[in-house]
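Enquirer: Before we start, here is the structure in question, set down as structure tokens.
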Amino acid sequence: MQIDVIKPGILIRNKNNFIVKAESSVTLIQTENKTIIVDTSVKKAKNEIFDGLKKYNLTPAEIDIVFCTHHHLDHISNNHLFENSKMYINKIEIQSRKHSNLIPLTIIPNKPFQLTKNVLLIDTPGHTLGSTSVIFQLGEIAYVITGDAIPIQNNFLNWVPPFVNVDPNQCLKSMEKIKNIADIIIPGHDEMFKIKS
1 MQIDVIKPGI LIRNKNNFIV KAESSVTLIQ TENKTIIVDT SVKKAKNEIF
51 DGLKKYNLTP AEIDIVFCTH HHLDHISNNH LFENSKMYIN KIEIQSRKHS
101 NLIPLTIIPN KPFQLTKNVL LIDTPGHTLG STSVIFQLGE IAYVITGDAI
151 PIQNNFLNWV PPFVNVDPNQ CLKSMEKIKN IADIIIPGHD EMFKIKS
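What the sequence shown shows, in our numbering, is residues 1 to 197, in sequence order.
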């Protein structure tokens, strides 16, 4: 079993604090019997995703599951590359979106959901109504892939909600939930970081 960020997330703002570039991280999880991708980023990240998969001798056709942390286009725009994969998203998230990226999605309930033996999905709303984080337990280490519940490490270090949100108080509650679980956080738009020694 293993986990790797095959495409790091990016978030760049201009001097007026407007976002000028946002590309989500793409994370590969390999359990004993499933190969999972969490988020698929923006269309122009396609080759970076292919290269990341090649390091593990994988192609998109060999991915069993794609999980979408939420339904923003900077996290789902390469879903179409994984046409053999079963795709999952939170029920509330899909109900609040008009676009579906033309890919059938399996809807999960808005409560903890065991995706596979070592992969648990938990609701972490605030950035969007249905934002969901992924917990991957690798031995004693809990990795949490947060999507934009924690977009960059500075949100966590300074304890501020994501700039884009539907409910800042819910954001902080979700961050607290993640903090209480995670040993290592993989944020939506930044490098992974360790929070417990």
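Backbone N, C-alpha and C fix where the C-beta goes; we use that ideal spot for every residue, glycine too.
Computed from a prediction, not measured in an experiment: that's the story for all the values here.
Going by DSSP, what residues sit across from residue 212 in a beta bridge?
Expert: The chain is shown only over 1 to 197; residue 212 falls outside these bounds and no answer can be derived.
Enquirer: On the premise that residue 40 lies in contact with residue 16, defined as a C-beta separation below 8 Å, what is that separation, rounded to the nearest angstrom?
Expert: Position 16 of the sequence shown holds residue 16. Position 40 of the sequence shown holds residue 40. That pair is no contact at about 29 Å.
Enquirer: Would residue 141 and residue 183 qualify as a contact pair, given that the criterion is a beta-carbon distance under 8 Å?
Expert: What you label residue 141 is simply residue 141 of the sequence shown in a count that begins at 1. What you label residue 183 is simply residue 183 of the sequence shown in a count that begins at 1. Cβ distance < 8 Å, so residue 141 and residue 183 count as in contact.
Enquirer: Which term fits residue 51, buried or exposed, when burial requires 16 or more other beta carbons within 10 angstroms of its beta carbon?
Expert: As a position in the sequence shown, residue 51 is number 51, starting the count at 1. Counting every other CB atom within 10 Å of its CB across the protein chains shown gives residue 51 a total below 16, marking it as exposed.
Enquirer: Assuming residue 147 is part of the beta strand (DSSP E), what are its boundary residues?
Expert: Position 147 of the sequence shown, counted from the first residue, corresponds to residue 147. It spans 141 to 147 - the beta strand (DSSP E) in which residue 147 sits, taken as one unbroken run.
Enquirer: Between which two residues does the alpha helix (DSSP H) harbouring residue 77 extend?
Expert: Position 77 of the sequence shown, counted from the start, is the residue given in the question as residue 77. No alpha helix (DSSP H) holds residue 77; DSSP gives it neither H nor E.
Enquirer: Per the DSSP calculation, residue 23 is bridged to which residue(s)?
Expert: Reading the sequence shown from its first residue, position 23 is the one you call residue 23. Paired residue(s): 10.
Enquirer: Residue 107 and residue 177: beta carbons closer than 8 Å?
Expert: Start at 1 with the first residue of the sequence shown, and residue 107 comes out as number 107. Start at 1 with the first residue of the sequence shown, and residue 177 comes out as number 177. Contact: no.
Enquirer: Taking just the CA atoms, how far does residue 54 sit from residue 130?
Expert: Taking the sequence shown and counting its residues from 1, one reaches residue 130 at position 130. Taking the sequence shown and counting its residues from 1, one reaches residue 54 at position 54. Each residue's alpha carbon lies about 32 Å from the other.
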